[in-house]
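Heads up: the structure comes next, in structure tokens.
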Amino acid sequence: MECVRQYLKECVNARQRKIIENEVYGAQKLYEFLCYDQAFQREFLRHKSCFQLVHPEWDLCSSQFIGVLKEEMARTTKQSINVQYIQFCCARYAYENCVYSSARFICKPDSAMFLRRIAKLLSTDKHFLNCDKIENELCSGAVRQLPARISSGRLTLLGSLVLLGTIGRHFAVR
Numbered sequence: 001m002e003c004v005r006q007y008l009k010e011c012v013n014a015r016q017r018k019i020i021e022n023e024v025y026g027a028q029k030l031y032e033f034l035c036y037d038q039a040f041q042r043e044f045l046r047h048k049s050c051f052q053l054v055h056p057e058w059d060l061c062s063s064q065f066i067g068v069l070k071e072e073m074a075r076t077t078k079q080s081i082n083v084q085y086i087q088f089c090c091a092r093y094a095y096e097n098c099v100y101s102s103a104r105f106i107c108k109p110d111s112a113m114f115l116r117r118i119a120k121l122l123s124t125d126k127h128f129l130n131c132d133k134i135e136n137e138l139c140s141g142a143v144r145q146l147p148a149r150i151s152s153g154r155l156t157l158l159g160s161l162v163l164l165g166t167i168g169r170h171f172a173v174r
């Protein structure tokens, strides 16, 4: 990881570096846990056989998640940023559930939960750190029912609150 950081520092301009850092945030956090958190290392090793067994299904879940993200990115100009933010969060929630469901039928329950945590970590970038609030409130039902269940006013209000909370924490005195 240090090699990647050095490359970004020396070979990539600041704007592009920030974009890349935001995109790989979850993977970087996983790397930090694996390298520096001994409790996490032990837990990871306890569940390693589940990773191997679920690998093909995880790849399928990832492909579906990436497909949804590409569709959403293509609609950028057709929908508000708040709606798109919520759609991304719900897609991430569906991805986590896909990994968990696959693991649940193949592995022990605690291994399935651990894999879900890893999927969540890997699918997080800095822009979407508030997805948990949205996932719990809006996505935990059927993801496909989202537009029918929620008025656009509520989506806009919730999205605005989440974005304001993020901005507020960013500028808060520490």
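Per UniProt numbering, the sequence shown starts with residue 1, numbered consecutively.
Ideal Cβ placement from N, Cα and C applies to all residues, glycine included.
For residue 104, the closest of 58, 22 and 71 by C-alpha to C-alpha distance is 58.
DSSP places residue 68 within a helical segment (H, G or I) once states are collapsed to three. At least 8 Å separates the beta-carbon of residue 60 from that of residue 90. Around the beta carbon of residue 86, a 10 Å sphere encloses 16 or more other beta carbons of the protein chains shown; the residue is thus reported as buried. Where residue 140 is concerned, there is no enclosing alpha helix (DSSP H), because DSSP gives it neither an H nor an E. If you compare the alpha carbons of 80, 118, 71 and 27 with that of residue 125, the shortest gap goes to 27. Secondary structure note for residue 83: its alpha helix (DSSP H) is the uninterrupted segment 81-106. DSSP places residue 45 in the uninterrupted alpha helix (DSSP H) bounded by 38-46. Counting every other CB atom within 10 Å of its CB across the protein chains shown gives residue 39 a total below 16, marking it as exposed.
For residue 126, there is no enclosing alpha helix (DSSP H), as DSSP marks it with neither H nor E. Secondary structure of residue 13 (DSSP, three-state): coil. Counting only the Cα atoms, residue 4 lies some 29 Å from residue 71. In this structure, the CA atom of residue 113 is about 10 Å from the CA atom of residue 101.
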